[in-house]
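Asker:
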Amino acid sequence: MAYTTKSRRRNGFTLVELLVVISIIGILVGLLMPAVQSARESARKITCSNNLKQIALATHLYHDTYKTLPMATDWRGKYYSFFTAILPHLEQDTLYDGYDSRLPYNATRNREVINKTISTYLCPAMVTPSDGPNTHCGDYLAPASYLASSGTGDAWRARHNGAIVRHTDGTTRLRDIRDGLSNTLLVGEGDYGLRNYKYRRGPCAGQGRGGTVAWGIGYPGYSIGSTIGIFNSDRLVNGYAEYQTFRSDHVHGANFAFADGSVQFIAEYIDARVLDSLATRNGQEPTGKLTE
63 MAYTTKSRRR NGFTLVELLV VISIIGILVG LLMPAVQSAR ESARKITCSN
113 NLKQIALATH LYHDTYKTLP MATDWRGKYY SFFTAILPHL EQDTLYDGYD
163 SRLPYNATRN REVINKTIST YLCPAMVTPS DGPNTHCGDY LAPASYLASS
213 GTGDAWRARH NGAIVRHTDG TTRLRDIRDG LSNTLLVGEG DYGLRNYKYR
263 RGPCAGQGRG GTVAWGIGYP GYSIGSTIGI FNSDRLVNGY AEYQTFRSDH
313 VHGANFAFAD GSVQFIAEYI DARVLDSLAT RNGQEPTGKL TE
């Protein structure tokens, strides 16, 4: 009697085959992730650039109305900020109307305004300590990502030689920018990425703070920036110089709005002397390669 054998049909993968498939998927994911992350960063950089374009346009509209550029701050006990001044030109009339410039920034009425987060003032690439003011640590100012350009010196003590100046340094008009509008910084980025900047007092004393960038107060390091320290540093190096120096959470540089309304990404390896020349309004310095 003849016997025939039937082959058994397999209904699944062997362990080896399954491991091979998982390995291939892992390799593909590893190859795709950098591309996905790069695309996300590009999208964040574009949104940030668009924010700066809106801020630059609002500044020009302010200039058209008042025939002068907004002040960095009044420093007469009110500390009214550049970013508060341009609110009506960013369709933020309700907030602007709620702010009383005759009162100090920290008056109860004004605090109810400057604790509001404004999307145009936030770069999506910036990592903030919280979604709004970090009230647990005593903060009540809404975080922001941008600093008005006061020039090259210490924004606390030195005369402002940039496009945006405090009241004690007079006022500036677009025609006063003799270096050319396309060669002069108007607004740049700031962030909360200073690793060794900490709270010095209060319930969070000694804890990491990273920065204090906020749109509602006219202080250096909050809404006023300069090129005094190391550009795009992630730590304090020269005392507190980097605290008021432009920096961002983008890779290898930061976005800037220029006085002509254009926006450029400036690489962190730019020569410091070139960056300083861009920060002044009437220095007559030569400028070189700016971007990536």
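Residues in the sequence shown are numbered from 63 upward in steps of one, following our numbering. Beta carbons: idealized from backbone N, C-alpha and C, even for Gly. All values derive from a computational prediction rather than experimental measurement.
Might you give, ordered along the chain, the residues of its own chain that have their beta carbon closer than 8 angstroms to the beta carbon of Ser295, omitting 5 neighbours on each side?
Answerer: Leu256, Glu304, Thr307, Arg309
Asker: Which word fits Glu251, buried or exposed, when buried means at least 16 other C-beta atoms lie within 10 angstroms of its C-beta?
Answerer: buried
Asker: Is the beta carbon of Gly273 sitting closer than 8 angstroms to the one on Ser212?
Answerer: no
Asker: Roughly how far, in whole angstroms, is the beta-carbon of Leu236 from the beta-carbon of Ala321, given that I think they are within contact range, below 8 angstroms?
Answerer: Yes, they are in contact, since the Cβ atoms of Leu236 and Ala321 sit about 7 angstroms apart, within 8 angstroms.
Asker: What is the DSSP secondary structure of Ser143, reduced to helix, strand or coil?
Answerer: coil
Asker: Taking 8 angstroms as the cut-off, does the stretch 121 to 128 touch the stretch 146 to 164 (at least 3 CB pairs, one atom from each stretch)?
Answerer: Flag = yes, the stretch 146 to 164 and the stretch 121 to 128 touch.
Asker: What are the start and end residues of the beta strand (DSSP E) that includes Val249?
Answerer: 247 to 251
Asker: Buried or exposed: which applies to Val175, given that a residue is buried once 16 or more other Cβ atoms fall within 10 Å of its Cβ?
Answerer: buried
Asker: If you draw a straight line from the alpha carbon of Asp162 to that of Trp137, how long is it in whole angstroms?
Answerer: 15 angstroms
Asker: Identify the continuous beta strand (DSSP E) that holds Ala329 and give its terminal residues.
Answerer: 325 to 329
Asker: Let me check one thing: in DSSP terms, what residues is Ser35 bridge-paired to?
Answerer: The first residue shown for the chain is 63 and the last is 354, placing residue 35 beyond what the model contains.
Asker: Select from Met188, Pro191, Tyr141, Thr182 the residue whose C-alpha is nearest the C-alpha of Arg173.
Answerer: Tyr141
Asker: Roughly how many angstroms separate the alpha carbons of Ala319 and Ser244, rounded to a whole number?
Answerer: In this structure, the straight-line span from the alpha carbon of Ala319 to that of Ser244 is close to 9 angstroms.
Asker: Please work out which residues of its chain come closer than 8 angstroms, Cβ to Cβ, to Gly139, disregarding the five sequence neighbours upstream and downstream, and give them in chain order.
Answerer: Pro166
Asker: Go to Asn319, then tell me how far its beta strand (DSSP E) extends in each direction, as first and last residue.
Answerer: Rather than Asn, the amino acid found at residue 319 in this sequence is Ala. It spans 315 to 320 - the beta strand (DSSP E) in which Ala319 sits, taken as one unbroken run.
Asker: Just grab the DSSP bridge partners of Ala276 for me.
Answerer: Ala276 is bridged by DSSP to Pro205.
Asker: Please return the same chain residues whose Cβ sits closer than 6 angstroms to the Cβ of Tyr158, not counting the five positions on each side in sequence.
Answerer: Leu149, Pro150
Asker: Can you tell which of Asn223, Ser324, Pro191 has its C-alpha closest to the C-alpha of Ile117?
Answerer: Ser324
Asker: Grab me the residues of Thr234's own chain with a C-beta within less than 8 angstroms of its C-beta, minus the 5 sequence neighbours each way, in chain order.
Answerer: Same-chain partners within the cutoff: Thr130, Leu131, Ala225, Ile226, Val227, Arg343.
Asker: Identify which residue in Tyr254, Arg271, Asp253 has its Cα closest to the Cα of Tyr261.
Answerer: Arg271
Asker: Measure the beta-carbon distance from Pro195 to Leu203 and round it to whole angstroms, keeping in mind my assumption that it falls under 8 angstroms.
Answerer: 6 angstroms
Asker: If you follow the alpha helix (DSSP H) that Gly232 is part of, which residue opens it and which one closes it?
Answerer: Careful: Gly232 lies outside any alpha helix (DSSP H) and carries neither H nor E.
Asker: Drop a sphere of 10 angstroms on the beta-carbon of Thr182, count the other beta-carbons inside from all chains shown, and report buried for 16 or more, exposed for fewer.
Answerer: buried
Asker: Hey, could you find the ends of the alpha helix (DSSP H) Tyr158 is sitting in?
Answerer: 155 to 160
Asker: Should Ser85 be labelled buried (16 or more other beta-carbon atoms within 10 Å of its own) or exposed?
Answerer: exposed
Asker: For Gly283, does the count of other Cβ atoms within 10 angstroms reach 16, so buried, or fall short, so exposed?
Answerer: So Gly283 ends up on the buried side.
Asker: Helix, strand or coil: which one does DSSP assign to Lys129?
Answerer: Of the three classes helix, strand and coil, the one that applies to Lys129 here is coil, per DSSP.
Asker: What are the start and end residues of the alpha helix (DSSP H) that includes Asp136?
Answerer: Annotation: Asp136 is outside any alpha helix (DSSP H) and is labelled neither H nor E by DSSP.
Asker: Name the two residues that bound the continuous alpha helix (DSSP H) containing Val336.
Answerer: 334 to 341
Asker: Between which two residues does the alpha helix (DSSP H) containing Asn172 stretch?
Answerer: For Asn172, the enclosing alpha helix (DSSP H) has its first and last residue at 170 to 176.
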